[in-house]
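The structure under discussion appears below in the form of structure tokens.
Protein chains in written order, with UniProt numbering: chain E, 1 to 571; chain V, 1 to 218.
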């Protein structure tokens, strides 16, 4: 191919990249939502549904406990999101300029990489009556010789579900906030407020938070949507009778009696409504806080129980870190346990039997999971790099509205649109399986890859390219030989993020694979529903290891390969 | 602590700031009430580091020794918010989420009734020729107006001393003159000991006080 032809091809692919990204995100979500509307009103020719009507809704409303399910979904979503946001505010306010904060920052990415299901399994195992926590305290403190009789996980108020959700939402919101802080001149405003006599926490609350919150509003909404519609975490930690609405939707959908799909569609639409209601309640709460706080912001009060709150913040950090550390330890112990009678804190003898018995199945699942994750990530990465490159070539930042589209799969309850996609799959007689699952994963991988890469890509010093052009490099050469190599580390990190997101996906695998595609995550979740803790622990650990390897490579490879290029190393 | 440290002067006592063991800035001086001490030097010489140390924002990468005495307290041991040092930055840094009046209210101490607060803000605005601007969005102000609001915000917090971090460097030449005379006249009026960091000779001239030139350590 000639030089100029290649360059023209490059420009053309870069030009279509943003459109491709939009299409990849909008079409499935919109199509999926459309795909549940018909069946919800009785129309699904593949299952002989031709009569439009409200019959599916009447069946749905006859389901016992429907209102409880809705209430539970709303309550757990709002409580866990509010809890996570308050913790983030407290942490930033009390510890932003302290040394411990650097430790927290280091731990963020590994924490984020932990798949939801693995975290939920770990927390559930830790706090269950016969879990590590009660073993460590028994019998010397509690006097328990037998596992006590409390319901956890699965308590009727969803406390365990809320805890599990918070453990994953907190690092996400913290990371998004850290990225947004420089944009709102947080440091400078904090210093102004402190020289005016405001204690650090009050300075943060009055001088920084009002500017920070608008920047993290979208991630907060994404957290609420996720929490209100999560399936895997709620299956593992949530109450079982009634379950949250999303769990029941999946159950009805997977019911062998296909006629239930009509009602399940109506339920999926209801789920969309529940999520929107949660967002609406939150939004009203925002208005209320803004209204109530306007006088307080400028009343000149410079301290608010600071010492107390700072203690609370460090307490929280240690609690969360202990919780996650102990959960991990618990998983490792369970995976190595043979006979492990109750108050014993340490299983003895340790055995590799659980691992050995899982080997065959686990190896094939590892391969399957990695294959899907690698494909989904590389495809997403290509599209994302194309989008970002087009911003540079055409000197046009994506408009806020386009940014919103990138968030789309995170702002619509997945159970609603994925279910619709399944209906369409059935309608058009497309084979469910590996390819559909990979495309489904891309819906969630692409936004995260974009979020992870965009800042570095946009902020790369434009003078590198200018120098290269002045040395007669073509745009294509600048792209391959200058921009991508300079962005080695951010590209690898974005790949690791995408890989971790894909590994953690449960619902797209379950629904679009029609049960025929199994990954470590679907296996771990279904094992968690059974009784074999040892085997569940093995799969949860495997599920956790895969993203960890990804991040290890993303950080370790450049240190090794670029050891003579100090300025390219990860900081 | 000697007795004459308990007065209103800002006493920088045996201050020695190092970066990984290498001496960066050493200073030992007294700034009398109403006096402006100008610290000058090429960039990278540690002017801003000195200011950050006095204000309480020194980066942990630096190590510092020495005392900062003001009104009988050693500020070096206090958190930034208890030092009562009014710091004027290069940028006005008005809070974008508050109105102009809200920014002034943010600076005002709490020991005022609601009515007194309102009057204090109106008076402060009148003093800088911005009467009736209380409800304005700071983003709609000109650069000079913003700087004046930032100055009043600091003064309303009743500082015991002032620190100026190249406060005029981002203003147009014409505005710079006005702002300088406003800042220095207010400093004399309130009789505040002041440390100014700048690399503009004209700033030092306008301040009219002693000039301390920091040299690179090599």
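All residues carry an ideal CB built from backbone N, CA and C; glycine is no exception.
DSSP state of residue i mapped onto helix, strand, coil
{"i": "residue 128 (chain V)", "result": "coil"}
{"i": "residue 195 (chain E)", "result": "helix"}
{"i": "residue 14 (chain V)", "result": "strand"}
{"i": "residue 356 (chain E)", "result": "helix"}
{"i": "residue 134 (chain V)", "result": "coil"}
{"i": "residue 23 (chain E)", "result": "helix"}
{"i": "residue 458 (chain E)", "result": "helix"}
{"i": "residue 76 (chain V)", "result": "helix"}
{"i": "residue 5 (chain V)", "result": "At residue 5 (chain V) the pLDDT is 43, less than 50, meaning the model places this residue with poor confidence; the figure from the coordinates comes in the next sentence. Three-state DSSP puts residue 5 (chain V) in a helix."}
{"i": "residue 337 (chain E)", "result": "strand"}
{"i": "residue 536 (chain E)", "result": "helix"}
{"i": "residue 41 (chain V)", "result": "coil"}
{"i": "residue 49 (chain E)", "result": "strand"}
{"i": "residue 141 (chain E)", "result": "coil"}
{"i": "residue 383 (chain E)", "result": "helix"}
{"i": "residue 208 (chain V)", "result": "coil"}
{"i": "residue 87 (chain V)", "result": "strand"}
{"i": "residue 471 (chain E)", "result": "coil"}
{"i": "residue 89 (chain E)", "result": "helix"}
{"i": "residue 350 (chain E)", "result": "strand"}
heavy atom of the ligand MG below 7 angstroms from residue i C-beta
{"i": "residue 159 (chain V)", "result": "The ligand MG is absent from the structure shown, which contains no ligands of any kind."}
Own chain, CB closer than 7 angstroms to residue i, minus 5 neighbours either side, in chain order
{"i": "residue 170 (chain E)", "result": "84, 87, 88 and 320"}
{"i": "residue 355 (chain E)", "result": "335 and 538"}
{"i": "residue 534 (chain E)", "result": "334, 335, 337 and 354"}
Enclosing beta strand (DSSP E) for residue i [first to last residue]
{"i": "residue 480 (chain E)", "result": "Neither: residue 480 (chain E) is in no beta strand (DSSP E) and is coded neither H nor E."}
{"i": "residue 63 (chain V)", "result": "62-70"}
{"i": "residue 30 (chain V)", "result": "22-31"}
{"i": "residue 165 (chain V)", "result": "161-165"}
{"i": "residue 213 (chain V)", "result": "211-213"}
Residues near residue i by beta carbon distance below 6 angstroms, same chain, minus five either side
{"i": "residue 38 (chain V)", "result": "196, 204, 207 and 211"}
{"i": "residue 111 (chain E)", "result": "171"}
{"i": "residue 497 (chain E)", "result": "448 and 452"}
{"i": "residue 51 (chain V)", "result": "163, 165 and 197"}
{"i": "residue 215 (chain V)", "result": "none"}
{"i": "residue 167 (chain V)", "result": "88"}
{"i": "residue 102 (chain V)", "result": "none"}
{"i": "residue 7 (chain V)", "result": "none"}
Proximity of residue i and residue j at Cβ, strictly below 8 angstroms
{"i": "residue 538 (chain E)", "j": "residue 358 (chain E)", "result": "yes"}
{"i": "residue 326 (chain E)", "j": "residue 132 (chain E)", "result": "yes"}
{"i": "residue 147 (chain V)", "j": "residue 171 (chain V)", "result": "yes"}
{"i": "residue 196 (chain E)", "j": "residue 184 (chain V)", "result": "no"}
{"i": "residue 445 (chain E)", "j": "residue 511 (chain E)", "result": "no"}
{"i": "residue 181 (chain E)", "j": "residue 221 (chain E)", "result": "no"}
{"i": "residue 35 (chain V)", "j": "residue 138 (chain V)", "result": "no"}
{"i": "residue 234 (chain E)", "j": "residue 249 (chain E)", "result": "no"}
{"i": "residue 225 (chain E)", "j": "residue 411 (chain E)", "result": "yes"}
{"i": "residue 265 (chain E)", "j": "residue 39 (chain E)", "result": "yes"}
{"i": "residue 456 (chain E)", "j": "residue 490 (chain E)", "result": "yes"}
{"i": "residue 525 (chain E)", "j": "residue 281 (chain E)", "result": "no"}
{"i": "residue 53 (chain E)", "j": "residue 41 (chain E)", "result": "yes"}
{"i": "residue 63 (chain V)", "j": "residue 18 (chain V)", "result": "yes"}
{"i": "residue 275 (chain E)", "j": "residue 413 (chain E)", "result": "yes"}
{"i": "residue 11 (chain E)", "j": "residue 466 (chain E)", "result": "no"}
{"i": "residue 33 (chain V)", "j": "residue 84 (chain V)", "result": "no"}
{"i": "residue 543 (chain E)", "j": "residue 117 (chain E)", "result": "yes"}
Continuous alpha helix (DSSP H) stretch holding residue i: start and end
{"i": "residue 246 (chain E)", "result": "245-253"}
{"i": "residue 196 (chain V)", "result": "Note, residue 196 (chain V): premise wrong, no alpha helix (DSSP H); beta strand (DSSP E) at 194-197."}
{"i": "residue 107 (chain E)", "result": "100-113"}
{"i": "residue 506 (chain E)", "result": "Where residue 506 (chain E) is concerned, there is no enclosing alpha helix (DSSP H), given that its DSSP letter is neither H nor E."}
{"i": "residue 291 (chain E)", "result": "260-297"}
{"i": "residue 428 (chain E)", "result": "Note, residue 428 (chain E): premise wrong, no alpha helix (DSSP H); not H, not E."}
Sequence-distant residues of the same chain with beta carbon closer than 8 angstroms to residue i, five excluded per side
{"i": "residue 219 (chain E)", "result": "172, 173 and 176"}
Item to check | Cβ contact (3+ pairs, closer than 8 angstroms) linking the region 107-117 of chain V and the region 224-232 of chain E | outcome: No, the region 107-117 of chain V does not touch the region 224-232 of chain E.
Checklist entry - Are the region 22-34 of chain E and the region 404-424 of chain E touching, with three or more C-beta to C-beta distances below 8 angstroms? => result Using a Cβ-Cβ distance cut-off of 8 angstroms, the region 22-34 of chain E and the region 404-424 of chain E are in contact, since at least three pairs of beta carbons, one from each stretch, lie closer than that value.
Item to check | Three-pair Cβ contact test at 8 angstroms for the region 362-381 of chain E versus the region 517-536 of chain E | outcome: Short answer: they touch.
Checklist entry - Is it true that the region 207-221 of chain E meets the region 118-138 of chain E, where meeting means three or more beta-carbon pairs spaced less than 8 angstroms apart? => result Segments in contact, no.
Item to check | Contact between the region 254-269 of chain E and the region 138-150 of chain E (3+ Cβ pairs under 8 angstroms) | outcome: Because the criterion of three Cβ pairs below 8 angstroms is not met, the region 254-269 of chain E and the region 138-150 of chain E do not touch.
Checklist entry - Does the count of Cβ pairs from the region 64-76 of chain E and the region 156-167 of chain E closer than 8 angstroms reach three? => result Contact between the region 64-76 of chain E and the region 156-167 of chain E is present, because at least three Cβ pairs lie under 8 angstroms.
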